[in-house]
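Asks:
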Amino acid sequence: MKGILKLAYKLLVNDKAKFTALLIGITFAVYLMMFVTSMFVGVLNHASATVINIGASIWVMDPAVQTVSNTVGMPDYVLDAVRSMQGVKYAVPLYSGGALAKLPDGTYQSVNVIGLDDTSLLGRPELSLGKIEDIYAESAFIVVRDAEFKKLESPAVGSELELNDHRAVIVGIAQVATSGLYGTPTLYTTYERAAQYLPNPRYTISYVLVEPKSLADVQQIKQQVKALGYLALTKQEFMQRTADFFIYQTGGGTNILIMTVISFVVGLSISGQTFYTFILENLERFGALKAIGTKSRDLVGMILFQATFTAFTGYGLGVGLCSLLIWLARLRLPSYAAMLTYTNLAVGFFMVAVIAGVSSYVGVRRVLQIEPFDIFRG
Amino acid sequence: MSQVAIRAKGLAKWFGEGEARTQALRDVDLEAYFGEMVYIVGPSGSGKTTLLSVLSGILKPNSGSVLVESVDIWSLGADDLADFRLNKIGFVFQDFHLFPRLNTAENVAIPLILKRKDWDESIHEAINYLEIVGLKGRAGLPPVKLSGGEQQRVAIARAMVSKPDILIMDEPTASLDGDTGNAILNFVHKNILNENRCIVVVTHDSRIYEFASRILHMEDGRLTGVEKSAV
Numbered sequence: 003m004k005g006i007l008k009l010a011y012k013l014l015v016n017d018k019a020k021f022t023a024l025l026i027g028i029t030f031a032v033y034l035m036m037f038v039t040s041m042f043v044g045v046l047n048h049a050s051a052t053v054i055n056i057g058a059s060i061w062v063m064d065p066a067v068q069t070v071s072n073t074v075g076m077p078d079y080v081l082d083a084v085r086s087m088q089g090v091k092y093a094v095p096l097y098s099g100g101a102l103a104k105l106p107d108g109t110y111q112s113v114n115v116i117g118l119d120d121t122s123l124l125g126r127p128e129l130s131l132g133k134i135e136d137i138y139a140e141s142a143f144i145v146v147r148d149a150e151f152k153k154l155e156s157p158a159v160g161s162e163l164e165l166n167d168h169r170a171v172i173v174g175i176a177q178v179a180t181s182g183l184y185g186t187p188t189l190y191t192t193y194e195r196a197a198q199y200l201p202n203p204r205y206t207i208s209y210v211l212v213e214p215k216s217l218a219d220v221q222q223i224k225q226q227v228k229a230l231g232y233l234a235l236t237k238q239e240f241m242q243r244t245a246d247f248f249i250y251q252t253g254g255g256t257n258i259l260i261m262t263v264i265s266f267v268v269g270l271s272i273s274g275q276t277f278y279t280f281i282l283e284n285l286e287r288f289g290a291l292k293a294i295g296t297k298s299r300d301l302v303g304m305i306l307f308q309a310t311f312t313a314f315t316g317y318g319l320g321v322g323l324c325s326l327l328i329w330l331a332r333l334r335l336p337s338y339a340a341m342l343t344y345t346n347l348a349v350g351f352f353m354v355a356v357i358a359g360v361s362s363y364v365g366v367r368r369v370l371q372i373e374p375f376d377i378f379r380g
Numbered sequence: 430m431s432q433v434a435i436r437a438k439g440l441a442k443w444f445g446e447g448e449a450r451t452q453a454l455r456d457v458d459l460e461a462y463f464g465e466m467v468y469i470v471g472p473s474g475s476g477k478t479t480l481l482s483v484l485s486g487i488l489k490p491n492s493g494s495v496l497v498e499s500v501d502i503w504s505l506g507a508d509d510l511a512d513f514r515l516n517k518i519g520f521v522f523q524d525f526h527l528f529p530r531l532n533t534a535e536n537v538a539i540p541l542i543l544k545r546k547d548w549d550e551s552i553h554e555a556i557n558y559l560e561i562v563g564l565k566g567r568a569g570l571p572p573v574k575l576s577g578g579e580q581q582r583v584a585i586a587r588a589m590v591s592k593p594d595i596l597i598m599d600e601p602t603a604s605l606d607g608d609t610g611n612a613i614l615n616f617v618h619k620n621i622l623n624e625n626r627c628i629v630v631v632t633h634d635s636r637i638y639e640f641a642s643r644i645l646h647m648e649d650g651r652l653t654g655v656e657k658s659a660v
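Line by line, the protein sequences are chains A and B.
Here the first sequence stands for residues 3 to 380, numbered as in the numbering used here.
Here the second sequence stands for residues 430 to 660, numbered as in the numbering used here.
#1: Indicate whether Gln-68/A and Thr-186/A have their beta-carbon atoms separated by less than 9 Å.
#2: Quick one: grab the DSSP three-state call for Ile-2/A.
#3: Using the Cα positions of Arg-455/B and Pro-490/B, report the straight-line distance between them to the nearest angstrom.
#4: Based on the DSSP secondary-structure assignment, which residues constitute the bridge partners of Trp-329/A?
#5: State the CB to CB distance for the pair Gly-125/A and Ile-144/A, rounded to an integer number of angstroms; the pair is presumed to be in contact (CB under 8 Å).
#6: Output the residue ranges of the beta strand (DSSP E) runs that lie fully inside the segment 469–549 of chain B and measure 3 residues or longer, sorted by chain position.
#7: Is any beta-carbon of chain B found at less than 9 Å from that of Phe-375/A?
#8: How far does the alpha helix (DSSP H) with Asp-167/A in it reach, from first residue to last?
#9: Do you know whose CA, among Lys-546/B, Ile-597/B, Val-537/B, Asp-608/B, lies nearest Thr-632/B's CA?
#10: For the segment 605–625 of chain B and the segment 440–454 of chain B, state whether three or more C-beta atom pairs, one from each stretch, are separated by less than 8 Å.
#11: Using 9 Å as the limit for Cβ to Cβ distance, is Gly-5/A near chain B?
#12: Is the CB of Gly-303/A under 9 Å away from at least one CB in chain B?
#13: Given a limit of 9 Å on CB to CB distance, which residues of the segment 502–515 of chain B reach chain A?
#14: Can you give me the C-alpha to C-alpha distance between Val-2/A and Ser-156/A, rounded to a whole angstrom?
#15: Counting only the same chain and skipping the five closest in sequence on each side, list residues whose C-beta sits under 6 Å from that of Leu-129/A.
#16: Quick one: which chain B residues come within Cβ less than 8 Å of Thr-276/A?
#17: Between the C-alpha atoms of Ala-142/A and Asp-148/A, what's the straight-line distance to the nearest angstrom?
#18: Quick one: list the residues of chain D neighbouring Thr-296/A, beta-carbon separation under 8 Å, in chain order.
#19: Using only CA atoms, which one of Tyr-190/A, Asp-167/A, Ala-103/A lies nearest to Lys-153/A?
#20: Check the DSSP bridge columns for Ser-98/A and list the partner residues they point to.
#21: Around the Cβ of His-675/B, are there at least 16 other Cβ atoms within 10 angstroms (buried) or fewer (exposed)?
#22: How about Val-354/A and Gly-274/A: are their beta carbons less than 9 Å apart?
#23: Asp-107/A to Ala-93/A, Cα distance in whole Å?
#24: Going along chain B, which residues have a C-beta under 8 Å from Asn-16/A?
#25: Would you verify that the beta carbon of Lys-689/B is, or is not, closer than 9 Å to some beta carbon of chain A?
#26: Assess contact between the segment 309–317 of chain A and the segment 22–29 of chain A, defined as three or more Cβ pairs (one per stretch) separated by less than 8 Å. Is contact present?
#27: On the criterion of 16 or more Cβ atoms from any shown chain inside 10 Å, does His-553/B qualify as buried, or is it exposed?
#28: Start and end of the alpha helix (DSSP H) containing Thr-39/A?
#29: With 16 other CB atoms within 10 Å as the buried threshold, where does Lys-20/A fall?
#30: Which partner residues does Cys-627/B have in the DSSP bridge list?
#31: Taking the continuous beta strand (DSSP E) assigned at Ile-60/A, which residues delimit it?
#32: Any Cβ of chain A within less than 9 Å of the Cβ of Glu-624/B?
#33: Provide the residue span of the beta strand (DSSP E) that contains Gly-132/A, from first to last.
#34: Contact check, Ala-339/A vs Gly-44/A under 8 Å by CB: the rounded distance?
#35: From the DSSP secondary-structure annotation, give me the bridge partner or partners of Met-261/A.
#36: Identify whether Met-304/A lies in helix, strand or coil by the three-state DSSP scheme.
As structure tokens, then:
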């Protein structure tokens, strides 16, 4: 079989024009599919930035919350009630909200402020400059050095800002795993200070962060929180809820789906049509092979190999091209929202497998129909 | 008397049904022997190519039988029939049907590759056969770089490389000028034909009759006469 596949390979790649057209078609289609989906995954990932960066196991929230950034305040008794629930190791409050920063040059910039539990500082970021205990100093804030950092005129430790008309002093520079989606700089401070600086609604707790005693307790905690009239989600569930919001309630998911389907159809059309033309041009030779004594299953194997080889070479090139462009974009935009995940690689792989299957099918059908007698008859 | 290579009895073949039915073969009996070069000649539409296809296991007759070395080939299953063609028959097609994207040696090696022989070994053997047909120096060239006569010799080398007992040649000189056609058939007669091989040739070309052991005339799907050649 090895020799027959080599024969199929040579018949394919030696037809340089057709092979190049096939590869370009599939590479372009895969690139489009991968790029569109990776961009969307990147956006979803950035949308869940706070969940990822804080890293708590369980998040308790108002059931109306759809994404981590649109919070609904909860009364203080929720924190006490959660702390007293069975299976809870500890629970702390988290404040998340927006504020307006006045910069030294007099301009204003929206910022996202995260207030960490004063006692535990659960969810604190990793500092690259400054000491975490300085967060307890007067008017202390930690600024995240991400793509939005420059919007605050790249403050150093000791710099001062005006935050909602209050003095704010930068005591540390932090790094986080993921930047936010909305292009606003992020500041960390204590829960008490955040509640003091930011406009105060009636209820101030955005989330209660919970650590269960064991994994087995998660379900029990969720049920108890539900009985209280609130919602408890694991980190993954909260990220999924955020993603679902963008996919199903913003139209983003539909648009991405349409783009992906269009890319798929383009790839399928180009490769299917080109491969079919390739088969048609070689039909007489396939007929000659049949006459010489090639079994139908060997011909099917040859065509399957040709279609599969082309499809997966195109897949590799498409993924490579997509990775290259994301890498290049990140050189200019460090928080560029596009990322390749195993899931979109798998989706792309599946779609390419379908393209290979359909292309093979049309080729195989045509080749199996040809009668060797037609070769004699001319 | 030489051994019988092909024995066909009562062959009938028609295409279409009803009023559109065309009778291509009518009760054809034929015997071809090892060591002879049998020509089937006749006007266009007389059934020569149909007969050749039926004899070589490519086209199933509506009735009758074909025994090759005592095996009824039309009782074989599809895979066995393909194996039979691969192992017992060498084909030289009218338009050569060489693969333009493969070089000459690779074209010749195809039957060996189909027999699951190692690629390098197949190429090596193909080059030996190209040497026999006088084209060893052209092994690396694609067929389009060869003349018509050279392409025909490549097609002969491809037909011979698996050492078939029976060589089928369909209009071998149709795409060649008179001198080249003559040279090709002379080559086949001298170098390919032997006592263990039977060659069946379908042709219109009376200029190559001189190489035939027997010439069978066909008309309207029937064998109408046998002519002995001077060779």
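Every residue gets a Cβ at the ideal spot worked out from N, C-alpha and C, and that includes glycine.
Replies: From the atom records:
#1: At the C-beta level, Gln-68/A and Thr-186/A stay beyond 9 Å of one another.
#2: What is shown of chain A runs 3 to 380, which leaves residue 2/A out entirely.
#3: Rounded to whole angstroms, Arg-455/B and Pro-490/B show a C-alpha spacing of 10 Å.
#4: Trp-329/A is bridged by DSSP to nothing; it lacks a bridge partner.
#5: About 12 Å; that fails the 8 Å criterion.
#6: Entirely contained in the segment 469–549 of chain B, the beta strand (DSSP E) runs reaching 3 residues are, in chain order, 492–497, 518–521.
#7: Chain B contact via Cβ: present.
#8: Segment: none, Asp-167/A is in no alpha helix (DSSP H) and carries neither H nor E.
#9: Of the candidates Lys-546/B, Ile-597/B, Val-537/B, Asp-608/B, Ile-597/B places its Cα closest to the Cα of Thr-632/B.
#10: Not touching, per the Cβ criterion.
#11: True, the Cβ-Cβ gap to chain B drops below 9 Å.
#12: Interface with chain B (9 Å Cβ-Cβ cutoff): Gly-303/A is excluded.
#13: The segment 502–515 of chain B vs chain A, Cβ under 9 Å: Ala-507, Asp-508, Leu-510, Ala-511, Asp-512, Phe-513, Arg-514, Leu-515.
#14: Absent from the model: residue 2/A. The displayed extent of chain A is 3 to 380, so no value can be given.
#15: Only Gly-174, Ala-176 meet the Cβ criterion.
#16: Against chain B, a Cβ distance below 8 Å from Thr-276/A picks out nothing, because the smallest value is about 15 Å.
#17: Taking the straight line joining both Cα atoms gives about 19 Å.
#18: No chain D is part of this structure, whose protein chains are labelled A and B.
#19: Distances from the alpha-carbon of Lys-153/A to those of Tyr-190/A, Asp-167/A, Ala-103/A put Ala-103/A closest.
#20: BP columns for Ser-98/A point to Ile-116/A.
#21: Missing from the structure shown is residue 675/B; chain B here goes from 430 to 660 and no further.
#22: In this structure, Val-354/A sits away from Gly-274/A, with a CB-CB distance that is not shorter than 9 Å.
#23: Straight-line measurement puts the Cα of Ala-93/A at about 41 Å from the Cα of Asp-107/A.
#24: Simply Arg-530, Leu-531.
#25: Any answer about residue 689/B is impossible in this case: the structure gives chain B only from 430 up to 660.
#26: At 8 Å Cβ cutoff, the stretches touch.
#27: Exposed, by the Cβ-count rule.
#28: For Thr-39/A, the enclosing alpha helix (DSSP H) starts and ends at 18–49.
#29: Around the Cβ of Lys-20/A, a 10 Å sphere holds 16 or more other Cβ atoms; the residue is buried.
#30: Cys-627/B pairs with Ile-595/B.
#31: That run of the beta strand (DSSP E) goes 60–63.
#32: So, not an interface residue.
#33: Gly-132/A -> beta strand (DSSP E) spans 128–132.
#34: With a Cβ gap of about 4 Å, Ala-339/A and Gly-44/A count as contacting.
#35: According to DSSP, Met-261/A bridges with nothing at all.
#36: Met-304/A: helix per DSSP, three-state reduction.
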